[in-house]
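Written out below as structure tokens is the structure these notes cover.
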Amino acid sequence: LPGNHDHPPDVAAGLDGPPFVHDFARRYGSWMFVMLDSTVAGEHGGHLGQEQLARLDAVLADEPDAHALVCLHHHPVPHGSRWLDELMLANAAAFFEVLARHPGVRALAWGHTHQPFEGMHGRIRLMGTPSTCMQFAQDADEFEVDDRPPAYRWIDLGDDGGIETGVEWVADDV
-13 LPGNHDHPPD
-3 VAAGLDGPPF
7 VHDFARRYGS
17 WMFVMLDSTV
27 AGEHGGHLGQ
37 EQLARLDAVL
47 ADEPDAHALV
57 CLHHHPVPHG
67 SRWLDELMLA
77 NAAAFFEVLA
87 RHPGVRALAW
97 GHTHQPFEGM
107 HGRIRLMGTP
117 STCMQFAQDA
127 DEFEVDDRPP
137 AYRWIDLGDD
147 GGIETGVEWV
157 ADDV
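Residue numbers (our numbering): -13 to 160.
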């Protein structure tokens, strides 16, 4: 997924060919994975255009029996850091309206915040992931990097729609 510092066509070109698959949505077994581009050229905050929201709605409607994991770069809910929450998904309410129509949506995942996050939005599990580079200080009013090491989130998706997940912090000496 492209981030706010990426140029989406360059990301797509760089991942054009095996072993990469660059699809908007793809089903694997009982799970549907939807990859949204929330970037806005020249901006740090995110937005999902009407065309992308309509496409999301259609894909989820076409696969009503699938469990869905929806991924995007920008966070759709506040994290409690004033400066960072000014850069979240601008039209999160419209996004959640689409998701609410589809009971198969099990979870959302994002990474923009460089912070771990766990929560719920109704029946939808929310998972923010820290960065494999540097972490942003939590609950900060202004931009601040903290001293936590790189990390990643792992996600195990069960055929029954169950989700197990955790955050692994990479030791400084590795």
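Every residue gets a Cβ at the ideal spot worked out from N, C-alpha and C, and that includes glycine.
In its chain, beyond the 5 residues on either side, G32 and H33 have a beta carbon closer than 7 Å to the beta carbon of V26.
Our two residues, P5 and M21, have alpha carbons roughly 17 Å apart in a direct line. Beta-bridge annotation (DSSP): M21 is paired with C57.
Non-local beta-carbon contacts of P64 in its own chain, meaning distances under 6 Å to residues more than five positions away in sequence, involve D71 in chain order.
As the crow flies, the alpha-carbon of F10 is around 21 Å from that of M74.
Contact between V84 and L58 is absent: CB atoms are separated by about 12 Å, not below the 8 Å threshold. When DSSP assignments are scanned along the region 58 to 138, the uninterrupted stretches of beta strand (DSSP E) that are 3 or more residues long and fall wholly within it turn out to be 91 to 96, 103 to 107 and 110 to 114. Contact between H88 and Q121 is absent: CB atoms are separated by about 32 Å, not below the 8 Å threshold.
Separation of D(-4) and H30 (C-alpha to C-alpha, rounded to the nearest whole angstrom) is 18 Å.
The C-beta distance from L94 to M113 rounds to 7 Å, short enough to fall under 8 Å.
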